[in-house]
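Structure, rendered in structure tokens:
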């Protein structure tokens, strides 16, 4: 099979050609190991990339398979990765998850603008910055009523 197996000499099996990924492109990842900078991963079964520690909002282990996103490909062909969509795509995805949580929670969510980054990370696996961008988007669309410690569905989005 074409499946990766455990080896400490993985480099010889990876593609040495310059990667041709676009910023924001969704790719398959296999986590290799924790490094001082974050987590090394195999991208699309052929290149090595790095998920910086600041991008990781949930526990990862060697061998985990997941979808990731290309943050950048540097001049030296090193690939920076993200676990959430890059740019506005991450806000759209998180906005959808917040709306779903509000609807399944009876129209109220006990997280808001003043909630701690840890609470937000635990509930949605995202940064506080991304959470605030997502609730800002939902507020501008008049779908929610934000409070410092809670969010509520607006009457127009309750259906």
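In our numbering, the protein residues as written are 3 to 161.
Ideal Cβ placement from N, Cα and C applies to all residues, glycine included.
Note that the coordinates shown come from a computational prediction; the quantities given were computed from them, not determined experimentally.
Inter-residue spacing [alpha-carbon to alpha-carbon] between residue i and residue j
i	j	result
residue 64	residue 131	28 angstroms
residue 151	residue 133	13 angstroms
residue 109	residue 142	18 angstroms
residue 93	residue 45	23 angstroms
residue 47	residue 126	28 angstroms
residue 124	residue 22	34 angstroms
residue 136	residue 53	22 angstroms
DSSP-derived helix/strand/coil call for residue i
i	result
residue 88	coil
residue 98	helix
residue 125	helix
Sequence-distant residues of the same chain with beta carbon closer than 6 angstroms to residue i, five excluded per side
i	result
residue 20	79
residue 33	41, 43, 62, 64, 66
Residue from the options whose Cα sits closest to the Cα of residue i
i	options	result
residue 60	25, 137, 121, 74	121
residue 2	52, 57, 35, 82	Lying outside 3 to 161, the shown extent of the chain, residue 2 is not represented and no answer is given.
residue 74	102, 124, 29	29
residue 55	37, 68, 47	37
Cβ-based burial, residue i [other Cβ within 10 Å; buried from 16]
i	result
residue 39	exposed
residue 16	exposed
Close-in-space but distant-in-sequence residues of the same chain around residue i (CB under 8 angstroms, 5 per side omitted)
i	result
residue 95	86, 87
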